[in-house]
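First up is the structure itself, then whatever we jot down about it.
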Amino acid sequence: MKTYRKELFFNIPKRRGLVNITQDVAQAISESKVQEGLVLVNAMHITASVFINDDEAGLHQDYETWLEKLAPEKPYGQYKHNGYEDNADAHLKRTIMGREVVCAITDGKLDFGPWEQIFYYELDGKREKRALIKIIGE
Amino acid sequence: MKTYRKELFFNIPKRRGLVNITQDVAQAISESKVQEGLVLVNAMHITASVFINDDEAGLHQDYETWLEKLAPEKPYGQYKHNGYEDNADAHLKRTIMGREVVCAITDGKLDFGPWEQIFYYELDGKREKRALIKIIGE
Amino acid sequence: MKTYRKELFFNIPKRRGLVNITQDVAQAISESKVQEGLVLVNAMHITASVFINDDEAGLHQDYETWLEKLAPEKPYGQYKHNGYEDNADAHLKRTIMGREVVCAITDGKLDFGPWEQIFYYELDGKREKRALIKIIGE
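Protein chains in written order, with the working numbering: chain A, 1 to 138; chain B, 139 to 276; chain C, 277 to 414.
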């Protein structure tokens, strides 16, 4: 059995932002030399998400509007978590988007449907954050 | 280490529909001959979900009503993603339901609690779609 | 390849409640003697969740308020699933929070960011429930 570990680093200059990390994950799989297995990709922070969907700018704007409706940032006083930091909405938005994805590796490649792309979604940016790639297989 | 891969195919005649795929996954585990390991089951399309919950018709109607409240299909013009296709709501609904499940395999079987069942949830149907089963273990 | 399986048991005296199970998962990893691999932790019941976020009491209260807004418990008659049991809201709340987490094991330890903690979220308590830990690796 082979395993492989890699971290990705982010420093998004705004509160929220999306980064397509599909090629980074594909690169890590190539480095791992795993032909058949699984790859876990997870945000290492609890106000960020790793998820799979379409790389389409309109949809990404829809996510922004929709998450703000389901878990509004303001007023900050509506959340008991706020005070030291005002990022309770980021914890809730990340809960909807999810922490992690697990993907199949087949023939040394991401085993994906036609439109699947992996994104890092920063929900409380302006600081250094990380995502973890862990690969197991053979 | 053993690995096994299988695709499931769907062509739901309506925009939305649920299919219980627990037996398909159990069958794939049996074919894989894996006794101890993990099985990943994921939608290969970004407007569909694989999730685990109860096989109860009332609950499935509740999901329909609830998802329509949280991410309404219409008016189509409320979403920037819409235009070429009017399926932005399907991307959001799938985000709530999730892309994938990872389940334990123990003694060659799905290691499940008493009511767990695996479903494929089509959220933008009337076309051919696929789900992926990937098994690793020994 | 090594695999390891362990169940955790819960009997929450209220309808809803959160339990930090990070140390239980760390203990299972230690027992498994797996140095590199993956650990799956899932609720075995469909009205409970296993998720990762911050161990902060204010945030946990925010989850309660927020889930009740997105999937209210009452009136019971709003859900077709209700009747024999009035727990449809618990199925929906668990859908938002998620069934499972998959975490990396590196150097024999949970490979976590600075604030990641694993929780069992009971959404329909006053009865015995279980979570499953399944570890694979080497």
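Just so you know, even glycine gets a beta-carbon here, dropped at the ideal spot from N, CA and C.
Quiz item: According to DSSP, is V19 (chain A) helix, strand or coil?
Solution: Note: V19 (chain A) maps to strand in three-state DSSP.
Self-check item: Segment limits, alpha helix (DSSP H) that includes E202 (chain B)
Solution: Counting along the chain, the alpha helix (DSSP H) containing E202 (chain B) begins and ends at 195-208.
Quiz item: Who are Y142 (chain B)'s beta bridge partners in DSSP?
Solution: Beta-bridge pairing links Y142 (chain B) to B:I273.
Self-check item: Neighbour-count burial assignment, T203 (chain B), 16 or more Cβ in a 10 Å radius
Solution: Around the CB of T203 (chain B), fewer than 16 other CB atoms lie within 10 Å, so the residue is classed as exposed.
Quiz item: From this set, A:L18, A:G37, A:D24, which residue's C-alpha is nearest M1 (chain A)'s C-alpha?
Solution: Measuring from the Cα of M1 (chain A), the nearest candidate turns out to be A:G37.
Quiz item: How many Å lie between E349 (chain C) and G215 (chain B) at the Cα?
Solution: So the two alpha carbons sit approximately 32 Å from each other.
Self-check item: Cut-off 6 Å between Cβ atoms - residues of its own chain near D54 (chain A), not counting five sequence neighbours on either side
Solution: Taken in chain order, the residues that qualify are W115.
Exercise. Report the three-state DSSP secondary structure of K405 (chain C) (helix, strand or coil).
Key: The answer is strand: DSSP assigns K405 (chain C) an E or B state.
Quiz prompt | Cross-strand partners of F395 (chain C) (DSSP beta bridge) | solution = DSSP lists C:N296, C:F327 as partners of F395 (chain C).
Self-check item: Cutoff 8 Å; reference E307 (chain C); Cβ partners in own chain excluding five residues on either side
Solution: Excluding sequence neighbours, E307 (chain C) sits near Y280, K282.
Quiz item: Leaving out five residues before and five after M97 (chain A) in sequence, what residues of the same chain have Cβ atoms less than 7 Å from its Cβ?
Solution: Cβ within range, chain order: S49, F51, Y121.
Quiz item: Distance, Cα to Cα, H60 (chain A) vs A302 (chain C)?
Solution: In a straight line, the C-alpha of H60 (chain A) is about 36 Å away from that of A302 (chain C).
Exercise. Over the uninterrupted beta strand (DSSP E) stretch that includes I105 (chain A), give me the two end residues.
Key: Per DSSP, I105 (chain A) belongs to the beta strand (DSSP E) from 100-106.
Quiz item: Along chain C, which residues have their Cβ under 7 Å away from the Cβ of Y79 (chain A)?
Solution: Chain C residues near Y79 (chain A): D338.
Quiz item: Where does N296 (chain C) land, buried or exposed, given buried means 16+ other C-beta within 10 angstroms?
Solution: Its Cβ having fewer than 16 others within 10 Å, N296 (chain C) is exposed.
Quiz item: Pick from B:V179, B:T160, B:E276: whose alpha carbon is nearest that of L270 (chain B)?
Solution: Considering only alpha carbons, the answer is B:V179.
Quiz item: For A209 (chain B) versus D262 (chain B), is the C-beta distance shorter than 8 Å?
Solution: Not closer than 8 Å, so no.
Quiz item: Does the beta carbon of I328 (chain C) sit closer than 8 Å to a beta carbon anywhere in chain A?
Solution: Yes, contact with chain A.
Quiz item: To which residues does DSSP link L38 (chain A) through a beta bridge?
Solution: In the DSSP assignment, L38 (chain A) forms a beta bridge with A:A104, A:I136.
Quiz prompt | H321 (chain C) versus F285 (chain C) - alpha carbon distance | solution = Going by C-alpha positions, H321 (chain C) is about 11 Å away from F285 (chain C).
Quiz item: Which one of A:R15, A:C103, A:T22, A:L18 has the shortest CA to CA distance from Q117 (chain A)?
Solution: Residue nearest to Q117 (chain A) within the set A:R15, A:C103, A:T22, A:L18 is A:T22 (criterion: CA-CA distance).
Exercise. Please report the Cβ distance between Q35 (chain A) and G113 (chain A), rounded to the nearest whole angstrom; I am assuming they are in contact, meaning their Cβ atoms lie under 8 Å.
Key: Taking a contact as a CB-CB distance under 8 Å, the pair Q35 (chain A) and G113 (chain A) does not count as one, their CB atoms being some 20 Å apart.
Quiz item: Checking contacts by CB at 8 Å: is K309 (chain C) closer than that to chain B?
Solution: Chain B has no Cβ within less than 8 Å of the Cβ of K309 (chain C).
Quiz prompt | Any chain A beta carbon closer than 8 Å to D387 (chain C) | solution = It does: the Cβ of D387 (chain C) has a partner Cβ on chain A nearer than 8 Å.
Practice problem: Could you tell me how far apart the beta carbons of T185 (chain B) and N220 (chain B) are, in whole angstroms, since I believe they sit closer than 8 Å? | Solution: Not confirmed; about 12 Å, so no contact.
Quiz item: Does the beta-carbon distance from K218 (chain B) to D62 (chain A) come in below 8 Å?
Solution: It is a contact, given that the beta carbons lie within the stated cut-off.
Quiz item: Nearest to I411 (chain C) by alpha carbon, out of C:I305, C:G293, C:K290, C:E344?
Solution: Of C:I305, C:G293, C:K290, C:E344, the smallest CA-CA separation from I411 (chain C) is found for C:I305.
Quiz item: Where G155 (chain B) and V378 (chain C) are concerned, what is the direct C-alpha to C-alpha distance, given to the nearest angstrom?
Solution: Their Cα atoms are separated by approximately 28 Å.
Self-check item: Nearest residue (CA-CA) to K69 (chain A), options B:E223, B:L230, B:E194, B:G196
Solution: Taking only the C-alpha atoms, the option nearest K69 (chain A) is B:L230.
Exercise. Kindly indicate the opening and closing residues of the alpha helix (DSSP H) around K369 (chain C).
Key: Its alpha helix (DSSP H) spans residues 364-373.
Exercise. Note down the Cα distance separating E85 (chain A) from P13 (chain A), rounded to an integer number of angstroms.
Key: One Cα belongs to E85 (chain A), the other to P13 (chain A), and the distance between them is close to 17 Å.
Quiz item: Looking only at C-alpha atoms, which of C:E376, C:A333, C:L386 sits nearest to K309 (chain C)?
Solution: When each option's Cα is compared against that of K309 (chain C), the closest is C:L386.
Self-check item: Beta-carbon contacts of A380 (chain C) that lie in its chain and below 6 Å, excluding the five residues immediately before and after
Solution: Excluding its 5 nearest sequence neighbours in each direction, A380 (chain C) has C-beta neighbours in its own chain below 6 Å: D387, listed in chain order.
Quiz item: Would the beta-carbon of R99 (chain A) fall within 8 Å of that of A43 (chain A)?
Solution: In terms of Cβ geometry, R99 (chain A) and A43 (chain A) form a close pair [threshold 8 Å].
Exercise. Please go through the same chain and pick out, in chain order, the residues whose beta-carbon is closer than 6 Å to the beta-carbon of R153 (chain B), but skip the five residues on each side of it.
Key: Correct list, in chain order: G263.
Exercise. Using a Cβ cut-off of 8 Å (strictly closer), state whether G236 (chain B) contacts chain A.
Key: So yes, G236 (chain B) belongs to the interface.
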